[in-house]
Ligand code: ADP
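Numbering (this note's numbering), first residue to last: 1 to 490.
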């Protein structure tokens, strides 16, 4: 099969969170399975250009219809660790992708509507006719709509559209005039309840709703979250639309790129190890403590790595930090938020705790440091309020770092409690709590730190059981290919 992915992120060149990991990892898995895969991304000025090989112009003068004129674009091509990527660079006064960061601008929906239109136009004029066009999240949600309403009538009728939702919270709601910008010229037709009209604001369009309506199949990134999105408020208002299209909606668990995340080969960690040489993991703990100036001690090291977003349970992260320090553990945090208020709050906390030898807060984005934390920590807390899939707990498992998670979304699908799971003991791999409150978090952390202190051999067994879990792309890869085949032939 020939598959084109279009997305706003792809690790490691343009990564903010799990979306980037998934686009890269899924593309690679599909290639391994014998498919031909190409990825289309915006050409951000802030990308990690050191991860692109052979970057060169492949299409000059792509004239993208936009509002009542055209925007000229240059399309670049390069290999990102072996994956074929096209980068679209618009030349306009808006400087859509030359702003120093990936997200966080008031004209966000305009930037990505333009990217969606430009990517479709590039496929059209370059003669690319993929079997499947796979889009991701609200940023590229307009593409299935454009495909059905415009490009299918211009020779792309055989292209099928698959859309993956990584986060229901951000749906891309905008004024209906955005449709006119991309050539969907009948707002009265599109701004209808059974098409793109937002269910809560009749004057607005909802791009994610458009993708669910128009794509041949939509999925979210774990079976549990697919259920939550349909039957609880975690669908963030899209529950009715998901109900309408239940026959083309499902959940496929994300995989983890086992080449990128591999403690046996990882270039960013101090000592390589496997489940069989687990004792060497301790050298990473030492290296991590030295790097972050945390005291050498006989205490367990608890960590948090992730975006500092309310979704992640910020009050619980803060509580985990304080509670761990008060209960004989150390704590390190690596995280950042585009919201200044949240960042400031954690900077304040960092200054407040600066002199304590048992903790370190690193506010910012640091891919290399993240690897060392996964390898060096004993426990990883993921107390999310909602979590479509979550990669942090899967990476932690791969590195023998025991996850302490809330039973929600993909966390519930991947972590099984050491004491209370209904799974056989040999399949248990972490600690789980139900309610997003201090009592729930404390009970799980108490059990985790207790096992580390009182039964180190059992704790090591639990960590090694985590390393034995297979959360690679192997199974999800097969699931995605299955859906592609289904939409091609139905
Ligand atoms: P989300 O997609 O909601 O951000 P996931 O758990 O699915 O959460 O994926 C998060 C990914 O981003 C992981 O690979 C994690 O290591 C990485 N990550 C998040 N924040 C940071 C950071 N500040 N520095 C380095 N890596 C980070």
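The beta carbon of each residue, even a glycine, is placed where N, CA and C say it ideally should be.
For the set 466, 12, 40, the Cα lying nearest the Cα of residue 276 is the one of 466. If you draw a straight line from the Cα of residue 10 to the Cα of residue 454, it is about 42 angstroms long.
A distance below 7 angstroms between beta-carbons, with the five flanking residues on each side excluded, links residue 88 to the following residues of its chain, in chain order: 40, 42, 43, 73, 75, 115, 118, 119, 122. Listed as beta-bridge partners of residue 406 by DSSP are 433. Within the DSSP bridge table, the entry for residue 83 names 80 as partners. Judged by DSSP secondary structure, residue 160 falls outside any alpha helix (DSSP H) and instead within the beta strand (DSSP E) spanning 160 to 165. DSSP, read as helix, strand or coil, puts residue 206 in strand. Straight-line spacing of the CA atoms in residue 274 and residue 146 works out to 47 angstroms.
Counting along the chain, the unbroken beta strand (DSSP E) around residue 250 starts and ends at 249 to 251. Distances taken from the Cβ of residue 409 to the heavy atoms of the ligand ADP include none shorter than 7 angstroms.
With a cutoff of 7 angstroms, residue 255 does not count as near the ligand ADP, since its C-beta is closer than that to no heavy atom of the ligand. Between the stretch 184 to 197 and the stretch 373 to 380 there are fewer than three inter-stretch CB-CB distances shorter than 8 angstroms, so the stretches are not counted as touching. By the criterion of a C-beta distance shorter than 7 angstroms, residue 53 is surrounded in its chain by 78, 79, once the five residues flanking it on both sides are discounted. Listed in chain order, the beta strand (DSSP E) elements of length 3 or more contained wholly in the stretch 283 to 346 are 301 to 305, 330 to 335.
Counted as a single uninterrupted DSSP element, the stretch harbouring residue 440 is not any beta strand (DSSP E) but the alpha helix (DSSP H) occupying residues 438 to 454. Collapsing the DSSP output to three states places residue 75 in a strand. Here residue 33 has 477, 481 as same chain residues with Cβ atoms under 7 angstroms from its own Cβ, once five neighbours each way along the sequence are excluded. Remark: the C-beta of residue 137 is outside contact range of the ligand ADP, defined as less than 7 angstroms to any heavy atom. Leaving aside the five residues that flank residue 312 on each side, the residues in its chain whose CB is nearer than 6 angstroms to its CB run, in chain order, 306, 384. As DSSP reads the structure, residue 417 sits in a beta bridge with 430.
Shown here for residue 364: same chain residues with a beta carbon closer than 6 angstroms to its own, the five before and five after excluded, namely 336 in chain order. Pairwise C-beta distances place the stretch 336 to 356 out of contact with the stretch 392 to 404, as fewer than three of them are shorter than 8 angstroms. Residue 396 carries a helical assignment under DSSP once its states are collapsed to helix, strand and coil.
Taking C-beta separations shorter than 6 angstroms and ignoring five residues to either side along the sequence, the partners of residue 236 in its chain run 168, 169, following chain order. Residue 473 and residue 394 have their C-alpha atoms roughly 12 angstroms apart. In this structure, residue 48 has its CB at a distance of at least 7 angstroms from all heavy atoms of the ligand ADP. The beta carbons of residue 13 and residue 48 sit about 5 angstroms from each other, so the pair counts as a contact at 8 angstroms.
CA-CA distance, residue 7 to residue 135, rounds to 6 angstroms. Less than 8 angstroms separates the beta-carbon of residue 391 from that of residue 256. Between residue 100 and residue 45, the C-beta spacing is below 8 angstroms.
With 16 or more other Cβ atoms inside 10 Å of its own Cβ, residue 261 counts as buried. In this model, residue 132 and residue 110 are separated by some 25 angstroms (Cα to Cα). Looking at 163, 149, 63, 128, the one whose alpha-carbon comes closest to that of residue 2 is 128. Taking 7 angstroms as the cut-off, the C-beta of residue 340 does not count as close to any heavy atom of the ligand ADP. Taking each of 29, 219, 333 in turn and checking the Cα distance to residue 163, the smallest one comes out for 219.
Between residue 250 and residue 226, the beta carbon gap of about 6 angstroms places them in contact (Cβ cut-off 8 angstroms).
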